[in-house]
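Heads up: the structure comes next, in structure tokens.
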Amino acid sequence: MPAPPKPWVDANRVYDFVCVLCGAPQSSGTGWDCGPDTSGMHWECIRVCQRGHATLLLMKPNAHQVVEQLPTPNTAPPVEGIPDTNEDIHKLYEEAGRCLTHSAPTGAVMICRKLLMNLAVEHAGASDDDSYQKCVKALVAANHIPTEGHPLADHIRLIGNEANHELPAITRETAERVVTLTSIVLNNIYQLRALSAGL
Ligand SMILES: [Zn+2]
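The following block contains the structure:
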């Protein structure tokens, strides 16, 4: 039988983190500590921000170093100018950002892949049944993906290829790059169009 969880004790140290709900850096000594966890690798520390939001920090024992934060900050760049008629696009992009927040990098990449294919059909002349590779070529040809972004867009083809039934490991870093690329394509289409409107 697993050992019962150790009791939580009042926090006695200030730790720095970014509160996901406030989106702002915090230094907080308010909360509770418990540890080490069953793996013996982490101390679990809850810290409460100035507005009362709780964040779980997994700390390296005796080093006071954050190993992981749950939930993690949403690092998806902002996108602008998406009209209300394309609300689904905006919602999907936000969902990709939430995948980053909840340590689900594969989900973020698959959503971005779907978004890029949708954008290729809507804004770059691709067909509904075109492959992802064809969709990327269409987005590049329409200048919605700058030439410099082509290798990264192509990389998504390799890591999101359902045809080979492989499950490649997708790191948070890769997912963040893919989400950033998607934000650039969205802004290239919608933000530039909004800025150019009414001139
Ligand atoms: Zn907060």
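For the sequence shown, the numbering used here assigns the number -10 to the initial residue and increments by one for each residue that follows.
Glycine included, every Cβ here is placed at the ideal spot set by N, Cα and C.
Predicted model only: the values in this text are computed from it and were never measured.
By the 16-neighbour rule on beta-carbons within 10 angstroms, Arg102 is buried. Between Thr163 and Pro62, the CB-CB gap reaches or exceeds 8 Å. By the CB criterion at 8 Å, Val129 and Thr136 fall inside the cutoff. Taken atom to atom, the span from the alpha-carbon of Ala131 to that of Ala113 is near 6 Å. Relative to ligand 1, the nearest heavy atom lies less than 7 Å away from the CB of Arg40.
Tyr82: member of the alpha helix (DSSP H) spanning Glu76 to Thr90, first to last residue. Judged by beta-carbon spacing, Pro50 lies within the 8 Å limit of Pro25, meaning their Cβ atoms are closer than that value. In this structure Gln122 is in contact with Arg146, their Cβ atoms being roughly 5 Å apart against a cut-off of 8 Å.
Per DSSP, the unbroken beta strand (DSSP E) holding Cys23 starts and ends at Gly20 to Cys23.
DSSP places Thr44 inside the beta strand (DSSP E), whose first and last residues are Ala43 to Lys49. In this structure, the beta-carbon distance from His139 to Leu108 does not fall below 8 Å. In this structure, the beta-carbon distance from Gln58 to Cys38 does not fall below 8 Å. Residue environment analysis places Leu170 among the buried positions, since at least 16 neighbouring C-beta atoms fall within 10 angstroms of its C-beta. Excluding five sequence positions before and after Gln54, the CB atoms of its chain that fall closer than 7 Å to its own CB belong to Met48, given in chain order.
Contact between Ala0 and Thr27 does not hold, since the beta-carbon distance rounds to 21 Å and is not under 8 Å. If you draw a straight line from the Cα of Leu46 to the Cα of Val7, it comes to about 11 Å.
DSSP links Glu33 through a beta bridge to Cys23 and Leu47. Take the alpha-carbon of Val9 and the one of Tyr179: they are about 26 Å apart. The alpha-carbon of Val56 is positioned some 43 Å away from that of Asp118.
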